[in-house]
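**Q** Just so you know, we're using numbering that gives the first Met the number 0 here: the sequence shown kicks off at 0 and counts up by one.
Glycine is no exception: its CB is placed at the ideal position from the N, C-alpha and C atoms.
The structure under discussion is supplied below as structure tokens; questions concerning it will follow.
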Amino acid sequence: MEKLTVFTPTFNRAFILEKVYQSLLKQTRKDFKWLIVDDGSKDNTSDLVQRWKEENKIAINYIWQENKGMVAAHNTAHYNIDTELNVCIDSDDFMTDNAVEAILKHWESIGNKENLMGLVGLDVYKNGKVIGNEFPVGVQESTFSELLYIHKIKGDKKYVLRSDLVKSKLPYPRIENEKFPAPSYIYLLLEDRYKFSLLNTALCVVEYLPDGNSMNKIKQYKNNPKSYAIYRIAKMKKALSYKETFKEAIHYVSSSIIAKNRNFIRESPFKLTTVLAIPFGWLLSLYILNTKTTQINKKLNKK
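Written out as structure tokens, the structure reads:
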């Protein structure tokens, strides 16, 4: 009986999806499922997946839907997952050879899991270098906010989630004409009661393609301002210091200005802080609207 679902949202990625498949074939432990949510691809993704299913080397579930964006793809995935745990591996990334084994062995080694929403491991570049930094030695559990604000964890990480808890908070908010989710939104909703178990093990090799979400954060910010505003409200509520609340308020103001939402002060849970953040949020919105580069582009060009 499989305990883990690896799910991959994809859109016109037949040219690279093979890497995910090959990495799953190499797994040292095979009690997992691969769920592919095809968000309206027009390439040969369906033919490719059909060939892999006929090979019958791993369990594959393929779902095609009309193009609705990443929010809808994540919602579809989570609604169709029936294993205890799940992890998202993007179509331009792939798993390390022992990732499934590391996830399941770590989860099985934990006694009481009632206070856990899952576990979090490391993402690495192709050269094996950890993206950002590792988790602090001696810290076994943490909320998402504690990782950011107390432990100062930087860089992408790989979150493995309890499927039942994610489903209890679905769907991800989906705004008309906006297509990008912030997966950590649900982490914030759950962290009043649940933490992550920390695993300093590489689980995923990340490749930042030019058309990927990570390489287009400014574009995502511009195109999905209402979604980001919702996310920033959640982060303001969970911030562990006034400094962090103010920082999130700046982003909230920026997204609200881009979204042309005149009611953003009234809708904010921290109205005075939001008012104080307006000048900085306005400057940030100007930067977002007038730049074509991202910090991540600059960093990756140096790798």
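Quick check on the burial criterion: 16 or more other C-beta atoms within 10 angstroms. Buried or exposed for glutamine 219?
**A** buried
**Q** Would threonine 272 pass as a contact of threonine 290 if the rule is Cβ separation under 9 Å?
**A** no
**Q** DSSP three-state label for lysine 125, please.
**A** coil
**Q** If we require 3 or more residues per run, which beta strand (DSSP E) segments fall completely within the stretch 27-65?
**A** As far as the stretch 27-65 is concerned, its whole beta strand (DSSP E) runs of at least 3 residues are 31-37 and 58-63.
**Q** If you run the structure through DSSP and keep just helix, strand and coil, what is methionine 235?
**A** Here methionine 235 sits in helix by DSSP.
**Q** For isoleucine 152, which residues from the same chain have a beta carbon less than 8 Å from its beta carbon, with the 5 sequence-adjacent residues on both sides left out?
**A** Gly131, Asn132, Phe134 and Leu146
**Q** Nearest chain D C-beta to histidine 250 closer than 9 Å, yes or no?
**A** Note that chain D does not occur in the displayed structure, where there is just one protein chain.
**Q** What is the C-beta distance between valine 48 and proline 8, in whole angstroms, given that I count them as a contact (C-beta under 8 Å)?
**A** Rounded, the Cβ-Cβ distance is 13 Å, inconsistent with contact.
**Q** Do the stretch 44-64 and the stretch 121-130 make contact, defined as three or more Cβ pairs closer than 8 Å?
**A** no
**Q** Where does the unbroken alpha helix (DSSP H) through arginine 12 begin, and where does it stop?
**A** Arginine 12 -> no alpha helix (DSSP H), and no H or E assigned at all.
**Q** Only counting the same chain, and skipping five residues up and downstream in sequence, which positions put a Cβ closer than 8 Å to that of lysine 29?
**A** Ile57 and Val99
**Q** Which residue from Lys67, Asn97 and Glu83 puts its Cα closest to that of lysine 112?
**A** Of the listed residues, the one whose Cα sits closest to lysine 112 is Glu83.
**Q** If distances are taken between C-alpha atoms only, which option among Ala248, Lys242 and Tyr241 comes closest to tyrosine 227?
**A** Ala248
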